[in-house]
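A.B. asks: Below you'll find the structure I mean.
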Amino acid sequence: MANIQRRLPENVPGDFFVDASCIDCDTCSQLAPSVFHDHGEQCSVYHQPETDAETRLALMSLVACPTGSIGTTGKHDAHIGIDAFPSLVAENVYFCGFTSESSFGAWSYLIVRPESEGGNLLIDSPRFATQLVRRISELGGVKKMLLTHQDDIADHKLFRKKFDCERVMHADDGAAGLGVERIIEGEEAIRVEEEVLVIPTPGHTRGHLVFLYKNKFLFTGDHLAWSATRETLTAFPSVAWYSWTRQTESMANLLNYEFEWVLPGHGYQHHDTKQNMRYHLQSCVAWMKTRG
Ligand code: SF4
């Protein structure tokens, strides 16, 4: 719950505000870019919502914020933000909202499929929030949890306990110690289902994985994201915990695959043609080589 006494001075006057507990995960500035921005080491409100659409996105940000740092001075129907999640990205792919502080506000995704097609897939872990869990239950629960890497696993144990789902994770990110059911080893891509390819991408962490669904949606964890400032695909050298050189090699390996969506844990999503995505990926690899 945001505290008005700790309202950041960078907020413009008005209803919505961010308080000093903000950890600068950028969820709000990505979800409601016309309301929130990153003013340096934290986010704040630079423009108060004026339309119903802006208010809805601001309330969704309030719900998605991992630290409860967004507040309002006026009264709002909380369900406008809560019931918006999971929020449709495209086709049967949803953004879960309800990010977790333990994964620094990383975004997680739900793929909704009937039981006959293998059931639902949860990519990385959102906060185990009652309202979200109830909604996921209504949508059919979770059959598999695909965990990109050790930083974004948040409440995976609670989801496993609730839904009895099989978790998939790489051995080199500590999968055995976490009790993960399906442990990926080595650096070869593995098809865990007809429509789901697991691609090891060591670099950010040693056991980082990305997941390619339907040769269309690439769930990239902390490996790859869209840069809104450079307007191309990018990676994050300052958080290449394992090896930037290895991450650059892993990125080049992704040129062997086709996809139209990049859906990261941190950073911006991007949708484009396969051809344009390949162009941006080549640019990203070239840029990464200059940063080595
Ligand atoms: S979502 Fe919350 S923690 Fe993240 S940048 Fe916004 S106010 Fe800060």
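To convert a position in the sequence shown, counted from 1, into the working numbering, add 77.
By construction, the Cβ of each residue, glycine as well, lies at the ideal position given by its N, Cα and C atoms.
Predicted, not measured: the structure shown is a model, and the values here were computed from it.
(1) Return the residue from the list Q227, D241 and E215 that minimises the CA-CA distance to K221.
(2) Enumerate in chain order the residues of its own chain whose CB-to-CB distance from A161 is below 6 Å, with the five nearest sequence positions on each side excluded.
(3) Ligand 1 and C102: does the residue's C-beta get closer than 7 Å to at least one heavy atom of that ligand?
(4) Should C361 be counted as a contact of ligand 1 given a C-beta to heavy atom distance under 7 Å?
(5) If we ignore side chains and look at the alpha-carbon of each, how far apart do V95 and V189 end up?
(6) Please report the straight-line C-alpha distance between P143 and I213, rounded to a whole angstrom.
(7) Verify the CB distance criterion: does A183 have a CB-CB separation below 8 Å to chain B?
(8) In whole angstroms, what is the alpha-carbon distance linking K239 and T176?
(9) For Y123, does the three-state DSSP call read helix, strand or coil?
(10) In the DSSP output, what is F93 paired with across the bridge?
(11) Going by other Cβ atoms of all chains shown within 10 Å of its Cβ, with 16 needed for buried, is M78 buried or exposed?
(12) So the candidates are A155, S185 and G217; which of them puts its Cα closest to the Cα of P191?
(13) So what's P341 in DSSP terms, helix, strand or just coil?
C.D. replies: Well, looking at it:
(1) D241
(2) M137
(3) yes
(4) no
(5) 33 Å
(6) 19 Å
(7) The chain labelled as chain B is not found in the depicted structure, where only one protein chain is given.
(8) 18 Å
(9) coil
(10) T149
(11) exposed
(12) G217
(13) strand
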